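Undergrad:
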């Protein structure tokens, strides 16, 4: 379907490719599932993302192995690479696709992380991005020098100060800051780099940054927090938001809310892209797709997984319960630490249980079916045509700017999407046919290029 | 017959001469590009060099260099060495990749997982070189630590500085934590047992529960055990305290022997006896400590060309070249002879520090290596397998593998 050139161009869809993670979404029991850690899996995944003309590949971060009832969790895929190292290696085997990683502001220092991200941006030729996340719990902190030192309330304060300081460091070198004039012997001009003096509640540094300005100036900043603090941080610093708001109305409300906050920071709508996580099940017919979604859900939520889920929510041992029977009738133990290392599982336990009970009772669902309904519901189910049309609708109607596509199989979970859905998006005129926008991730995402400090103070 | 050695190369921005960036063959505008590092590492890899170290520091200035009155005629700025190594891993085939990491600021947990990931991406060719302590400039960049390593004591002995001694104790803990995290997953931890619904066997993954003077690390690594089990742990050492660090924790130590006649007390024999004594005292690893001797080399086709090259560089730098390592300036044959002498003296390997990059890297690859090969000085191998295998270091078993119960002979065995 080609559109006449005179007509307004449709809004362009942006897609990120999420490497399958260490949770029950990733199916390892399938006979075709491959290694989650061998480099060949990353080679395959990155090649698919690039063939599908995705904006970037996206990696989560591991800070500690998850535990359940005092033991390292056994049921899900576990073990993953260091985010920065694997992205640097992936940059070497790709040419266009962005490399974006999740990196914590709590268990890193701004100088070190800023130089690592600037390095990744140099090595990838301007394709680096940083999903800035916060953490404050002692469970993860126990693996790091400072331990769980941060009050929950201070984590966004630290994140804001961290991001602001990192930006100052990146901006402290001008464009083409390396003079390297062999004839005169001047490697750096006076005042290069600008000295960064920062004194705040979290950081007190007097720094000379040691990485010359990278191709993008700064890596693209991605953010995922959904609390009020998270949204404020996003409106100020983020250039992409990775949200979990995938229902159409919910997504549009989130889009309006977050983009509405941009003006307060003097930013335009297009300077921030919202790319919620999206899972999918593709079929030759819609019925076929629903059957496949069901098969995957049964693999994702095996009876043991379902029981583990409710044990985490209830905070107690429920091993006597039948996964195919009704939800536990006992009260939760809100003081316990049954599950450690799971994001957001402690939050609002009672309201979560109420929601589970309501779902289970009104529809007569077993433990396993309830958990399937809550955790194994693909965002898009249908023929490639249906999925392409839905994705396009979200973007054209400003509910999102695109999606972060999450496959359920390592490493080829993205293949079918790239082969069957992407060409249809292209036919609709709302997805790129080549990496034509430019060499950097900012070019692909249509983001503004940040300015380096124009006048450099002499020291 | 000549004893055989492995060859290593130490890569440092534009080379080890401070004025190297001004050479016509230098690429001073490309020091932070992927192409520069890919070319250097591929040149070394194709020549059959066994390992490459990559220098790093967390500051714009060199270790004992003041920040005030920054000299503008030196190379400034660099890329993170672990990430350079990770980037070149898929682009090289055989060479060991050994980035430098300082132990005062980085998180041991992040370093452990970064090097394991490098081991996966390189399919078993990862190592790390640990540097103790933090300079004043590094401390100012982080704002986390009041004291650190500001200068070598006037005595020249690090034992006389409480700060440096503390830095080495911290480096020891750092090395210990790396090694424990690298062992924390047994090789067979991932079971993918569909029958019992278990992806892994938690009894084969071990929280390390490390409590030290400088930090504690509780959990297991997030990365499964990597191809080499433990990537190579290496340090550069010049005197007793760092020799002890190497003997206690390293697989491989770089040392800087000089001709005994030129610098009495700094000969290889003396270094070896100190290392041996430290190992007797501290080493628990079954594998002996491998010793690599460092040489700083500048190579031209003739002696006179080499002399005039160094003269030109020294003039630009405003001072003659100095180094902790012995400096060898001359033809490919001069350098090959120096390597052969060290081989005959019994080192396991020689690490060459090129005065100029890429010029001296290319000269090593194209001229020195063939000479060494012709005289049988280089340890040859088929280049398959891991870095450990190439360097004749066994793949260690995880320390957390429970040893099988002693098996008592059954009665019938006595009955025979």
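Chains as they are written, first to last, in my numbering: chain W, 1 to 459; chain A, 1001 to 1416.
Virtual Cβ for every residue (Gly too), placed ideally from N, Cα, C.
Given the structure is predicted, the values throughout are model-derived calculations rather than measurements.
Buried or exposed for residue 448 of chain W, please, with buried defined as at least 16 other CB atoms from any protein chain shown within 10 angstroms of its CB.
TA: Start at 1 with the first residue of the first chain, and residue 448 of chain W comes out as number 448. Exposed, by the Cβ-count rule.
Undergrad: Quick one: which unbroken beta strand (DSSP E) runs of 3-plus residues sit fully inside the segment 240-264 of chain W? Chain order, please.
TA: none
Undergrad: Indicate whether at least one CB of chain W lies closer than 8 Å to the CB of residue 1088 of chain A.
TA: Here residue 1088 of chain A corresponds to residue number 88 of the second chain, with the count starting at 1. True, the Cβ-Cβ gap to chain W drops below 8 Å.
Undergrad: Would you say residue 1292 of chain A and residue 1340 of chain A are within 8 Å of each other, going by their C-beta atoms?
TA: Here residue 1292 of chain A corresponds to residue number 292 of the second chain, with the count starting at 1. Here residue 1340 of chain A corresponds to residue number 340 of the second chain, with the count starting at 1. No, the pair does not count as a contact, with Cβ atoms beyond the cut-off.
Undergrad: Indicate whether at least one CB of chain W lies closer than 8 Å to the CB of residue 1323 of chain A.
TA: Numbered from 1 along the second chain, position 323 holds the residue referred to as residue 1323 of chain A. Chain W contact via Cβ: absent.
Undergrad: Could you spell out where the alpha helix (DSSP H) holding residue 41 of chain W opens and where it closes?
TA: Position 41 of the first chain, counting from 1, holds the residue named residue 41 of chain W. First-last of the alpha helix (DSSP H) with residue 41 of chain W: 39-51.
Undergrad: Report yes if the C-beta distance between residue 237 of chain W and residue 163 of chain W is below 8 Å; otherwise report no.
TA: Translated into the one-based positions of the first chain, residue 237 of chain W becomes position 237. Translated into the one-based positions of the first chain, residue 163 of chain W becomes position 163. Yes. Within cutoff.
Undergrad: Report yes if the C-beta distance between residue 1132 of chain A and residue 1103 of chain A is below 8 Å; otherwise report no.
TA: The residue given as residue 1132 of chain A occupies position 132 in the second chain. The residue given as residue 1103 of chain A occupies position 103 in the second chain. Yes, they are a contact pair.
Undergrad: Considering only residues of the same chain and omitting the five flanking positions on each side of residue 1226 of chain A, which have a CB-CB separation below 6 Å?
TA: Residue mapping note: residue 1226 of chain A aligns to position 226 of the second chain, counting from 1. Closer than 6 Å at Cβ, skipping near neighbours: 1116, 1119 and 1120.
Undergrad: So, using beta-carbon positions, are residue 119 of chain W and residue 1040 of chain A closer together than 8 Å?
TA: Locating residue 119 of chain W in the first chain gives position 119, where the first residue counts as 1. Locating residue 1040 of chain A in the second chain gives position 40, where the first residue counts as 1. The criterion of a C-beta distance shorter than 8 Å is not satisfied by residue 119 of chain W and residue 1040 of chain A.
Undergrad: Helix, strand or coil for residue 1118 of chain A? Go by DSSP, reduced to three states.
TA: Translated into positions along the second chain, residue 1118 of chain A becomes position 118. Looking at residue 1118 of chain A - three-state DSSP - the assignment turns out to be helix.
Undergrad: Nearest chain A C-beta to residue 143 of chain W closer than 8 Å, yes or no?
TA: Counted from its first residue, the first chain places residue 143 of chain W at position 143. Cβ-Cβ to chain A under 8 Å: yes for residue 143 of chain W.
Undergrad: Would you give the residue range spanned by the beta strand (DSSP E) that residue 1294 of chain A belongs to?
TA: As a position in the second chain, residue 1294 of chain A is number 294, starting the count at 1. Where residue 1294 of chain A is concerned, the enclosing beta strand (DSSP E) stretches over 1290-1299.
Undergrad: Could you list which residues in chain A have their beta carbon closer than 8 Å to that of residue 302 of chain W, in chain order?
TA: Here residue 302 of chain W corresponds to residue number 302 of the first chain, with the count starting at 1. Correct list: 1197.
Undergrad: Is it right to say residue 458 of chain W is buried, meaning 16 or more other beta carbons lie within 10 angstroms of its own, or is it exposed?
TA: Mapped onto the first chain, residue 458 of chain W falls at position 458. For residue 458 of chain W, the pLDDT reaches just 38, beneath the cut-off of 50, and the residue's location in the model is therefore unreliable, although a value from the coordinates is still provided. Exposed, since its Cβ has fewer than 16 Cβ neighbours within 10 Å.
Undergrad: Give, in chain order, every residue of the segment 1015-1032 of chain A whose Cβ lies closer than 7 Å to some Cβ of chain W.
TA: 1021, 1022, 1028, 1029 and 1032
Undergrad: Taking Cβ positions only, does residue 1224 of chain A come closer than 8 Å to chain W?
TA: Position 224 of the second chain holds residue 1224 of chain A. By this cut-off, residue 1224 of chain A is an interface position.
Undergrad: Can you grab the Cα-Cα spacing for the pair residue 1332 of chain A / residue 1297 of chain A, in whole Å?
TA: By 1-based counting over the second chain, the position of residue 1332 of chain A is 332. By 1-based counting over the second chain, the position of residue 1297 of chain A is 297. Taken atom to atom, the span from the alpha-carbon of residue 1332 of chain A to that of residue 1297 of chain A is near 10 Å.
Undergrad: Using a C-beta cutoff of 8 Å, does residue 123 of chain W count as contacting chain A?
TA: Residue mapping note: residue 123 of chain W aligns to position 123 of the first chain, counting from 1. Closer than 8 Å to some Cβ of chain A, the Cβ of residue 123 of chain W qualifies, so yes.
Undergrad: So for residue 294 of chain W, helix, strand or coil by DSSP?
TA: In the first chain, residue 294 of chain W corresponds to position 294, counting from 1. It is helical.
Undergrad: For residue 1211 of chain A, does the three-state DSSP call read helix, strand or coil?
TA: For this step, residue 1211 of chain A is matched to residue 211 along the second chain. Of the three classes helix, strand and coil, the one that applies to residue 1211 of chain A here is strand, per DSSP.
Undergrad: Taking all protein chains shown into account, do 16 or more other C-beta atoms lie within 10 angstroms of the C-beta of residue 174 of chain W, making it buried, or fewer, making it exposed?
TA: Along the first chain, one-based indexing puts residue 174 of chain W at 174. Taking all protein chains in view, the Cβ of residue 174 of chain W is crowded by 16 or more other Cβ atoms within 10 Å, so the residue is classified as buried.
Undergrad: Mind checking who residue 223 of chain W pairs with in its DSSP beta bridge?
TA: Position 223 of the first chain holds residue 223 of chain W. In DSSP, residue 223 of chain W forms a bridge with W:132 and W:241.
Undergrad: Residue 1328 of chain A and residue 1378 of chain A: beta carbons closer than 8 Å?
TA: Looking up residue 1328 of chain A in the second chain gives position 328. Looking up residue 1378 of chain A in the second chain gives position 378. Going by C-beta atoms, residue 1328 of chain A is not nearer than 8 Å to residue 1378 of chain A.
Undergrad: Looking at the C-beta of residue 1179 of chain A, does it have a partner C-beta in chain W at a distance below 8 Å?
TA: To locate residue 1179 of chain A, count along the second chain from 1; it is residue 179. It does not: the Cβ of residue 1179 of chain A has no partner Cβ on chain W nearer than 8 Å.
Undergrad: Looking at the strands, I want to know which residues DSSP matches up with residue 1053 of chain A.
TA: One-based indexing of the second chain puts residue 1053 of chain A at position 53. According to DSSP, which records beta bridges pairwise, residue 1053 of chain A is partnered with A:1010 and A:1098.
Undergrad: State yes or no: is the C-beta of residue 172 of chain W within less than 8 Å of the C-beta of residue 1083 of chain A?
TA: In the first chain, residue 172 of chain W corresponds to position 172, counting from 1. In the second chain, residue 1083 of chain A corresponds to position 83, counting from 1. Not closer than 8 Å, so no.
Undergrad: Answer yes or no: does any C-beta atom of chain W fall closer than 8 Å to that of residue 1219 of chain A?
TA: What you label residue 1219 of chain A is simply residue 219 of the second chain in a count that begins at 1. Yes - at least one Cβ of chain W is within 8 Å of the one on residue 1219 of chain A.
Undergrad: Please list, in chain order, all residues of the same chain as residue 1051 of chain A whose beta carbon is under 6 Å from its beta carbon, the five residues on each side excluded.
TA: Along the second chain, read from residue 1 onward, the residue named residue 1051 of chain A stands at position 51. Once the five neighbours on either side are set aside, the close Cβ partners of residue 1051 of chain A are 1008, 1096 and 1098.
Undergrad: How far does the alpha helix (DSSP H) with residue 276 of chain W in it extend, from its first residue to its last?
TA: Stepping through the first chain from its first residue, residue 276 of chain W is reached at position 276. Premise fails: residue 276 of chain W is in no alpha helix (DSSP H) and is neither H nor E.
Undergrad: Answer yes or no: does any C-beta atom of chain A fall closer than 8 Å to that of residue 185 of chain W?
TA: One-based indexing of the first chain puts residue 185 of chain W at position 185. Yes - at least one Cβ of chain A is within 8 Å of the one on residue 185 of chain W.
Undergrad: Which residues does DSSP list as the beta-bridge partners of residue 1354 of chain A?
TA: Position 354 of the second chain, counted from the first residue, corresponds to residue 1354 of chain A. Beta-bridge partners assigned by DSSP to residue 1354 of chain A: A:1297.
Undergrad: Buried or exposed: residue 258 of chain W, going by 16 or more other Cβ atoms within 10 Å of its Cβ?
TA: On the first chain, residue 258 of chain W is found 258 positions in, with the first residue counted as 1. Buried: at least 16 other Cβ atoms inside 10 Å.
Undergrad: Any beta carbon from chain A within less than 8 Å of residue 111 of chain W's own beta carbon?
TA: The residue you call residue 111 of chain W lines up with position 111 of the first chain. Yes, residue 111 of chain W counts as interfacial toward chain A.
Undergrad: What three-state label does DSSP hand residue 22 of chain W in the structure shown?
TA: One-based indexing of the first chain puts residue 22 of chain W at position 22. Looking at residue 22 of chain W - three-state DSSP - the assignment turns out to be coil, as it is neither helix nor strand.
Undergrad: With a Cβ-Cβ cutoff of 8 Å, do residue 25 of chain W and residue 59 of chain W count as a contact?
TA: Locating residue 25 of chain W in the first chain gives position 25, where the first residue counts as 1. Locating residue 59 of chain W in the first chain gives position 59, where the first residue counts as 1. Cβ distance not < 8 Å, so residue 25 of chain W and residue 59 of chain W don't count as in contact.
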